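J.: Sharing a structure, written as structure tokens. Questions coming.
Residue numbers (my numbering): 15 to 306.
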């Protein structure tokens, strides 16, 4: 049985070099008597190889990075039943922080890790990879522009959103099916599937999504742009969107107009294709959080 703990710090994540993150890593390393492994990359393949080479033999792997770093860790950890994941938020969006109810201060974060309340978490599988959430359409375009511009935190995100506004008036025509049943047919700004209600910065884009019920939550935001603006205000105000939540084990989306649909997975752009399929992976990983 694997034992011991290690902290895997990705300094390529958005806030990984800040004083708060450095202090949290230092405190966690001391409290857990953990080894420390450090890299700096925004390339998922590089991070996967680096993590795979080092994770064997540990019972607890604490990921210090953003949602993208954590997404890599899901896929490395999923086939290791004796491994438990912990998280020290060090990205820009840090959507998973909100699902795990992680506190803000370094000392309180470390206390959560020491308490080690671990639960199984369902994940979404798309294109052979696991994720906590994924989006197809406009939000993936924003994610791609943000990454290409150097992932410059809030200024970079604001720039990416502004550059993507014209795309709101070029909605793709799509068909979405949930467990084989027609869920949407027509224009779409974007759709989200996941086992968490949260996007980056704690926006509740998919309320009602849960990590332990054996289904993913689907929401299609059809637009047009003024309607999406109203939905955005509802996210910010912590109100339930007008877009209906559909719970399913399998979701399919395909373009009706032949235009490739971009996909983001845990906030990172993957690719653009005319069709995507999402399936639930129950209890894919074990995660330390403030679950109670």
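Quick reminder that beta carbons are idealized off the backbone N, C-alpha and C, glycines included.
This structure is a prediction, so every number in the text was calculated from the model and none was measured.
(1) For the putative contact between residue 84 and residue 295, defined by C-beta atoms under 8 Å, what is the C-beta separation to the nearest angstrom?
(2) Judging by CA-CA distance, which residue of 286, 50, 268 is the nearest neighbour of residue 187?
(3) Using the rule of at least 16 other Cβ atoms within 10 Å of the residue's Cβ for burial, across every protein chain shown, is residue 112 buried or exposed?
(4) Please return the same chain residues whose Cβ sits closer than 8 Å to the Cβ of residue 62, not counting the five positions on each side in sequence.
(5) Could you tell me which whole beta strand (DSSP E) segments of length 3 or greater appear in the stretch 241-303?
(6) Using the three-state DSSP reduction, which class does residue 203 fall into: helix, strand or coil?
(7) State the CB to CB distance for the pair residue 288 and residue 274, rounded to an integer number of angstroms; the pair is presumed to be in contact (CB under 8 Å).
(8) If you draw a straight line from the alpha carbon of residue 245 to that of residue 256, how long is it in whole angstroms?
(9) Just the C-alpha distance for residue 70 and residue 22, rounded to the nearest angstrom, thanks.
(10) With 16 as the cutoff for other CB atoms within 10 Å, does residue 291 come out buried or exposed?
(11) Using only alpha-carbon positions, find the residue among 95, 38, 134, 233 that is nearest to residue 150.
(12) Helix or strand or just coil, what does DSSP make of residue 174?
(13) Over the uninterrupted alpha helix (DSSP H) stretch that includes residue 145, give me the two end residues.
(14) Report the rounded CA-to-CA distance for residue 170 versus residue 164, giving the unit in angstroms.
T.: In short, the structure shows the following:
(1) Translated into the one-based positions of the chain shown, residue 84 becomes position 70. Translated into the one-based positions of the chain shown, residue 295 becomes position 281. About 15 Å; that fails the 8 Å criterion.
(2) For this step, residue 187 is matched to residue 173 along the chain shown. When each option's Cα is compared against that of residue 187, the closest is 268.
(3) Counting from one through the chain shown, the residue named residue 112 turns up at place 98. Label assigned to residue 112: buried.
(4) On the chain shown, residue 62 is found 48 positions in, with the first residue counted as 1. 86, 89, 90, listed in sequence order.
(5) Listed in chain order, they are 260-262, 264-269, 275-279, 282-287, 289-302.
(6) Position 189 of the chain shown, counting from 1, holds the residue named residue 203. Coil, per DSSP.
(7) For the purposes of this step, residue 288 is taken as the residue at position 274 of the chain shown. For the purposes of this step, residue 274 is taken as the residue at position 260 of the chain shown. The pair is a contact, with the Cβ atoms about 6 Å apart (cut-off 8 Å).
(8) Looking up residue 245 in the chain shown gives position 231. Looking up residue 256 in the chain shown gives position 242. One Cα belongs to residue 245, the other to residue 256, and the distance between them is close to 7 Å.
(9) Taking the chain shown and counting its residues from 1, the one referred to as residue 70 is at position 56. Taking the chain shown and counting its residues from 1, the one referred to as residue 22 is at position 8. Each residue's Cα considered, the two are about 12 Å apart.
(10) On the chain shown, position 277 is the one that residue 291 refers to. Exposed: under 16 other Cβ atoms inside 10 Å.
(11) As a working mapping, residue 150 is identified with position 136 in the chain shown. That would be 233, whose Cα lies nearest to the Cα of residue 150.
(12) Taking the chain shown and counting its residues from 1, one reaches residue 174 at position 160. Reduced to three states, the DSSP call for residue 174 is helix.
(13) Taking the first residue of the chain shown as position 1, residue 145 is located at position 131. Premise fails: residue 145 lies in the beta strand (DSSP E), 143-145, not in any alpha helix (DSSP H).
(14) Within the chain shown, the letter at position 156 stands for residue 170. Within the chain shown, the letter at position 150 stands for residue 164. It is roughly 7 Å from the alpha-carbon of residue 170 to the alpha-carbon of residue 164.
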